[in-house]
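*Asks:* Residues 26 to 243 (my numbering) are what the sequence shown spells out, left to right.
We put the CB at the ideal spot given by N, CA and C, even for glycine.
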Amino acid sequence: MRRAARGKPPGRGLTHMSDPTGAICVHAFYPDVFEEILSRIAALDMTEEIFVSCPRERESETRRLLDAAGLDARILIVDNLGMDILPFLRTVREFGLTDRARVLKLHTKNPSRRGRMHMGLMLNAALGDQRLAEQVRAAFAQNPRLAQIGAELLYRPSDLSAHGNRRLMGEILQDVLGRPAALQSGFFVGSTFWSAGSALAPLLAGLDRLEAMAREEP
Numbered sequence: 026m027r028r029a030a031r032g033k034p035p036g037r038g039l040t041h042m043s044d045p046t047g048a049i050c051v052h053a054f055y056p057d058v059f060e061e062i063l064s065r066i067a068a069l070d071m072t073e074e075i076f077v078s079c080p081r082e083r084e085s086e087t088r089r090l091l092d093a094a095g096l097d098a099r100i101l102i103v104d105n106l107g108m109d110i111l112p113f114l115r116t117v118r119e120f121g122l123t124d125r126a127r128v129l130k131l132h133t134k135n136p137s138r139r140g141r142m143h144m145g146l147m148l149n150a151a152l153g154d155q156r157l158a159e160q161v162r163a164a165f166a167q168n169p170r171l172a173q174i175g176a177e178l179l180y181r182p183s184d185l186s187a188h189g190n191r192r193l194m195g196e197i198l199q200d201v202l203g204r205p206a207a208l209q210s211g212f213f214v215g216s217t218f219w220s221a222g223s224a225l226a227p228l229l230a231g232l233d234r235l236e237a238m239a240r241e242e243p
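1. If we call anything under 8 Å between Cβ atoms a contact, is Ala13 one with Gly175?
2. Rounding to the nearest angstrom, what Cα-Cα distance links Asp224 and Asp124 in this structure?
3. Mapping the DSSP letters down to three states, classify Arg99 as helix, strand or coil.
4. So what does DSSP say about Leu228, is it helix, strand or coil?
5. Check for me: the alpha helix (DSSP H) holding Val161 runs from which residue to which?
6. Would Val117 and Leu229 be called neighbours here (beta carbons separated by less than 8 Å)?
7. Roughly how many angstroms separate the alpha carbons of Phe76 and Ala237, rounded to a whole number?
8. On the DSSP bridge list, what partners appear for Phe212?
9. To the nearest angstrom, how far is the alpha carbon of Ala226 from that of Glu82?
10. Could you give the residue range of the beta strand (DSSP E) that holds Leu131?
11. What are the residues that DSSP puts in a beta bridge with His52?
12. When you compare only the Cα positions, how much space is there between Gly36 and Val103?
13. Would Ile100 and Glu84 qualify as a contact pair, given that the criterion is a beta-carbon distance under 8 Å?
14. Does any residue of chain C have a CB that is nearer than 8 Å to the CB of Ala158?
15. What residues in its chain sit with their C-beta under 8 Å from that of Thr87, if we drop five residues either side in the sequence?
16. Quick check on this structure: which residue in Asp233, Leu179, Gln167, Ala172 has the alpha carbon closest to the alpha carbon of Gly145?
17. What is the C-beta distance between Ala239 and Gly107, in whole angstroms, given that I count them as a contact (C-beta under 8 Å)?
18. Would you give the residue range spanned by the beta strand (DSSP E) that Phe120 belongs to?
19. Specify the secondary structure class of Thr87 as computed by DSSP and reduced to three states.
20. If you draw a straight line from the alpha carbon of Asp97 to that of Phe212, how long is it in whole angstroms?
21. Taking Gly222 as the reference, which of Ser216, Gln173, Gln155 has the closest Cα?
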């Protein structure tokens, strides 16, 4: 959500009412990529409340970039564990986002040349323009059974693309379902997507296991 501020360039400094039914979650690890994500959000009329997770050593820079972009956010300090997935799930749990109609998951991809290319593709798919944002809001409002929205180009079937994550995904599924289960669904490459908050609730059952396993990694 933008905030009113003095001395901002034209187009900023506008006050928008926060929409309590929507949320944008960003894991901020690479400051320059985080700045790019914020510029995308600030360029659109995004009324969703913003939540940012970051390690303690990135907090000062994260707050500076938010202030420079004229954006308000609630910040969660996390350990640098579990890549972008664990911080996202912790954010969902800590701020009670499972009751939100829609939640956008974003994160700062490694700022290598290849990483930036992937980041651009993922941001275009999630925050391409105002029309896309409005279509996403309408889709969740009109279909209460809708679970996720993502780019078709980035969708992969789990049974063919799980690779080294197959065991961990199987264990998390067992925690969620209470029984062993086959990997039958798919996922969006880069883990950037819109989700109904209610669709995230079952994943929190595997959060403690995921965190314990992340702490055991060398």
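*Replies:* Answer, in terms of the structure:
1. Residue 13 is absent from the model: the chain starts at 26 and stops at 243.
2. Here residue 224 turns out to be Ala, not Asp, going by the sequence shown. If I take the Cα positions, the gap works out to 10 Å.
3. Looking at Arg99 - three-state DSSP - the assignment turns out to be strand.
4. Leu228: helix per DSSP, three-state reduction.
5. Residues 155–167.
6. Val117 is a Cβ neighbour of Leu229, given a cutoff of 8 Å.
7. A direct Cα-to-Cα measurement between Phe76 and Ala237 gives close to 24 Å.
8. Partner(s): Arg181.
9. Roughly 29 Å separates the two Cα atoms.
10. In this chain, the beta strand (DSSP E) harbouring Leu131 covers 127–132.
11. The partner list for His52 (beta bridge, DSSP) reads Ser78, His132.
12. For Gly36, the predicted model reports a pLDDT of 36, less than 50, meaning its position is unreliable; a value from the coordinates is still stated below. Their backbone Cα atoms lie some 33 Å apart in a straight line.
13. Closer than 8 Å, so yes.
14. Included in the structure is just one protein chain, with no chain C present.
15. Residues of the same chain with a CB within less than 8 Å of the CB of Thr87, apart from the 5 flanking positions on each side, are Ala53, Pro56, Phe59, Val77, Cys79, Ile100 in chain order.
16. Of Asp233, Leu179, Gln167, Ala172, the residue nearest in Cα terms is Leu179.
17. Contact flag correct, Cβ pair sits at about 4 Å.
18. In the DSSP assignment, Phe120 falls outside any beta strand (DSSP E), carrying neither H nor E.
19. Looking at Thr87 - three-state DSSP - the assignment turns out to be helix.
20. The alpha-carbon of Asp97 is positioned some 30 Å away from that of Phe212.
21. The shortest C-alpha separation from Gly222 is found at Gln173.
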